[in-house]
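Before any comments, here is the structure.
Residue numbers (the numbering used here): 700 to 900.
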């Protein structure tokens, strides 16, 4: 049965969703220390406000995910590296992608396998690409790559992030970076929602 976020989690998510500019693809500094302190200092029972948590690993994924969305990579990693589940590995992989440590990110995506949020992420990738008029060649090529595969490829997403952050990044069309950042937020949101629902399953 679907459960809405608790008030406390929803308040944090609302602030994260309102970030402007969007979270960068790589970061070495936190976004808002006050929010990070709130996420770190609240107990899981208080974060879930009395809901019956049946999966502690998934509830820790919620905390790790909130921290990662707020650019607290080290704090998120301190949690996700100890969660030996598919979703824990997913948060771990994103953290390394943003570090950036692309080969390590791919290692952890290899541990993830075929995650349940991938079909929705692929669909939303296509939908967000459709929002761009006069796409640069690289975005059109990415769109073709996604549409020509029936499954989402997280390794390709890592490659595209690496391309956007390359030493030749000044030659990279801003539209590519913007799309990647938009899709990264979709990924955060979908994986956090999945983690929350699995906490109560």
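Note that CB positions come from ideal geometry on N, CA and C, so glycine has one too.
**Alpha-carbon spacing of residue 850 relative to residue 765, whole angstroms** = One C-alpha to the other measures close to 26 Å.
**Message:** Please state whether the Cβ-Cβ distance between residue 883 and residue 722 is less than 8 Å.
**Reply:** Against a cut-off of 8 Å, the Cβ pair of residue 722 and residue 883 comes out as a contact.
**Request:** Compute the Euclidean distance between the alpha carbons of residue 706 and residue 732, then round it to the nearest angstrom.
**Result:** Their backbone Cα atoms lie some 20 Å apart in a straight line.
**Message:** Taking the alpha helix (DSSP H) that residue 764 belongs to, which residues open and close that run?
**Reply:** Where residue 764 is concerned, the enclosing alpha helix (DSSP H) stretches over 755 to 768.
**Prompt:** Cα separation between residue 846 and residue 745?
**Reply:** About 42 Å.
**Stretch-stretch touch, CB-based, cutoff 8 Å, three pairs: the segment 750 to 757 with the segment 857 to 875** = Output reads no: the segment 857 to 875 does not touch the segment 750 to 757.
**Exposure of residue 839, with buried meaning 16 or more beta-carbon neighbours within 10 Å** = By the 10 Å Cβ count, residue 839 comes out exposed.
**Prompt:** Going by the C-beta, is residue 847 closer than 7 Å to any heavy atom of the ligand FAD?
**Reply:** Inclusion of the ligand FAD in the displayed structure is not the case, the ligand content being empty and no account of it being possible.
**Message:** Please classify residue 897 as buried or exposed, where buried requires at least 16 neighbouring CB atoms within 10 angstroms.
**Reply:** Answer is buried; the Cβ neighbour count reaches 16.
**With 16 other Cβ atoms within 10 Å as the buried cut-off, status of residue 743** = Label assigned to residue 743: exposed.
**Item:** Between the CA atoms of residue 895 and residue 704 - distance to the nearest angstrom
**Value:** Near 8 Å, if we compare the C-alpha coordinates of residue 895 and residue 704.
**residue 729 beta carbon less than 8 Å from that of residue 770** = Cβ distance < 8 Å, so residue 770 and residue 729 count as in contact.
**Request:** Return the CA-CA distance between residue 860 and residue 772, expressed in angstroms with no decimal places.
**Result:** In this structure, the CA atom of residue 860 is about 17 Å from the CA atom of residue 772.
**Asked** Are the segment 788 to 806 and the segment 817 to 831 touching by the rule of at least three beta carbon pairs closer than 8 Å?
**Response** Not touching, per the Cβ criterion.
**Item:** Rounded separation between residue 875 and residue 782 - CA only
**Value:** A direct Cα-to-Cα measurement between residue 875 and residue 782 gives close to 32 Å.
**Message:** Assuming residue 800 is part of the alpha helix (DSSP H), what are its boundary residues?
**Reply:** That residue, residue 800, is in no alpha helix (DSSP H); it is neither H nor E in DSSP.
**Request:** Look at the alpha carbon of residue 858 and the alpha carbon of residue 709, and state the distance between them as a whole number of angstroms.
**Result:** Between the C-alpha atoms of residue 858 and residue 709 there is a straight-line separation of about 32 Å.
**Whole-angstrom distance between residue 848 and residue 726, CA atom to CA atom** = Distance from the CA atom of residue 726 to the CA atom of residue 848, rounded to whole angstroms, is 30 Å.
**Prompt:** Which two residues bound the contiguous alpha helix (DSSP H) that contains residue 775?
**Reply:** Note, residue 775: alpha helix (DSSP H), 772 to 779.
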